[in-house]
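Each remark here refers to the structure printed beneath this line.
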Amino acid sequence: MAATPGTRRGPAADLTVGMLSNAVTRSHGIRPAYNLIPYRTDPGQRPSPRRLRRVVDQWLPVGHANLIARITLFQHGGHARPVITRGGKHLRFRFTSVVTGTTQIGEGFGERMLARYNEVATRIHDYECHPGELAISRNGRIQTYRPDGIRVLDDGTIELIEVKRTPDDLSDEEYREILGVVAEVARLCGWTFRILHLRDIMGPPAANPRQVTPRVRNVDTLFDRRTMYLTPQEQRTADRIIGRGDPIEWGDLRDQLAPRDALQGDAVIERLLARGRLSTDLDVPFRTDTALVPAIPFTGRSGIRL
């Protein structure tokens, strides 16, 4: 995807491994099976985050020696936005993340939903929308690719993400070949490359197919609560209950947080979920018997802040 004029670029990191042209081709199934992403996997090359080396003093050309890829990070903010202009009317979004402290920018309903999910889901430790550009050397050619997102899960797993509406968006053979090379570069970095379709992002369907999925409803609710102010009393009560580390039902916690105001109690719980203090299943509707589990803070280093 091409960036609009004025996109600012941030730090770059080089990936130094053996050339991809000697890799072995495998196929990885993407639903449905007629769209297959070739994986350019070299069994002799093991994944390692140490392959990433930040550029400080010099910019060697991609393809020089064993330098096969360069990752350039975008610095979001202002009017710079690394999104494509396709000529048609489609959704664009922008918001300031309370998780990352950066401006999240993107386009399309799927990307917006994924960004909101990453913002409020307890299992997501860090993320960025349209994080940068990969320049990859393969068979003497330089190919560029701009992922739709990257995120760090609570177990430290790093996912490089491409968002598609349906598997039909992968019908172009050359495009699938590029994604296959990107997947191998991600693997060599110790990352996981994922293609998420709308049905993956939206979650399981609702009982009534005409309604939005429970995940969409829950994520929208939590997203609106993420900046809500808590009174000192509400904060102390929440800290005390969460500090015990015991699971608790929604209704019981609501009664302790706001005994005389059920709506306020619900709002406080939603804010605690949105800020990662509690965790629950976002794919089922919230009810008074919904199980809430105190979240364990992630203490590792975010691998996407190069």
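So the working numbering is basically just the index in the sequence shown, starting at one, shifted up by 132. Glycine included, C-beta positions come from ideal geometry on N, C-alpha and C. Keep in mind it's a predicted model, so treat the numbers as computed, not measured.
Contact set for residue i: own chain, Cβ-Cβ below 7 Å, skip 5 residues either direction
i: Lys296; result: Leu302, Ile327, His329
i: Glu402; result: Thr353, Leu354, Arg357
i: Arg440; result: With the chain covering only 133 through 438, there is no way to say anything about residue 440.
i: Phe418; result: Asn350, Trp382
i: Leu223; result: Glu239, Gly240, Phe241, Arg244
i: Gly377; result: Pro426
Residue(s) in a DSSP beta bridge with residue i
i: Tyr277; result: Leu266
i: Ala423; result: Glu381
i: Gly132; result: One cannot answer for residue 132 here, as it falls past the ends of the chain, which runs 133 to 438.
i: Ile293; result: Gly281, Arg326
i: Leu311; result: Answer is none; Leu311 lacks a bridge partner.
i: Ala390; result: Beta-bridge pairing links Ala390 to no other residue.
i: Ile256; result: Leu285
i: Leu410; result: Pro426
Close Cβ partners of residue i (< 6 Å) along its chain, the five nearest in sequence each way excluded
i: Pro429; result: none
i: Ile374; result: Arg409, Pro426
i: Leu292; result: Pro279, Ile282, Ala318, Trp323, Phe325
i: Ile380; result: Leu424
i: Tyr259; result: Asn250, Arg283
i: Gly397; result: Arg386, Leu389, Ala390
i: Asp332; result: none
i: Ala406; result: Val252, Leu354, Arg357, Arg358
i: Val416; result: Pro346
Cβ separation of residue i and residue j, assumed to be a contact under 8 Å, to the nearest whole Å
i: Ala253; j: Gln236; result: In fact, because the Cβ distance is near 14 Å, the residues do not count as touching under 8 Å.
i: Ala201; j: Leu266; result: 6 Å
i: Cys420; j: Gly383; result: Contrary to the premise, residue 420 reads as Thr rather than Cys in this sequence. Right, the Cβ-Cβ distance comes to about 3 Å (below 8 Å), so this counts as a contact.
i: Asp300; j: Glu243; result: With 8 Å as the limit, Asp300 and Glu243 do not qualify as a contact, their Cβ atoms being about 18 Å apart.
i: Ala370; j: Leu395; result: That belief does not hold up - the Cβ atoms of Ala370 and Leu395 are roughly 17 Å apart, past 8 Å.
i: His262; j: Phe206; result: 6 Å
i: Ile290; j: Gly435; result: 5 Å
i: Thr359; j: Val231; result: That pair is no contact at about 12 Å.
Nearest neighbour of residue i, chosen from the options [CA to CA]
i: Gly335; options: Asp258, Leu414, Ala394, Glu294; result: Leu414
i: Ile256; options: Gly233, Asp287, Thr276; result: Asp287
i: Thr204; options: Gly233, Phe241, Gly240, Tyr277; result: Tyr277
i: Ile268; options: Glu260, Leu320, Tyr259; result: Leu320
i: Leu311; options: Arg270, Gln343, Val351, Glu260; result: Arg270
i: Glu251; options: Glu239, Ala394, Phe227; result: Phe227
i: Ile274; options: Asp304, Gly238, Val314, Thr232; result: Val314
i: Thr298; options: Glu306, Pro341, Phe241, Gly264; result: Phe241
i: Asp393; options: Arg372, Glu366, Val416; result: Glu366
Contact set for residue i: own chain, Cβ-Cβ below 8 Å, skip 5 residues either direction
i: Val348; result: Met245, Met334, Gly335
i: Leu285; result: Arg255, Ile256, His257, Glu291
i: Leu362; result: Ala370, Val400, Arg403
Taking contact to mean 3 or more Cβ pairs, one atom from each stretch, closer than 8 Å, check whether the stretch 420-429 and the stretch 403-410 are in contact. yes
Touch test, the stretch 388-406 against the stretch 310-329, Cβ-Cβ under 8 Å, three pairs minimum: no
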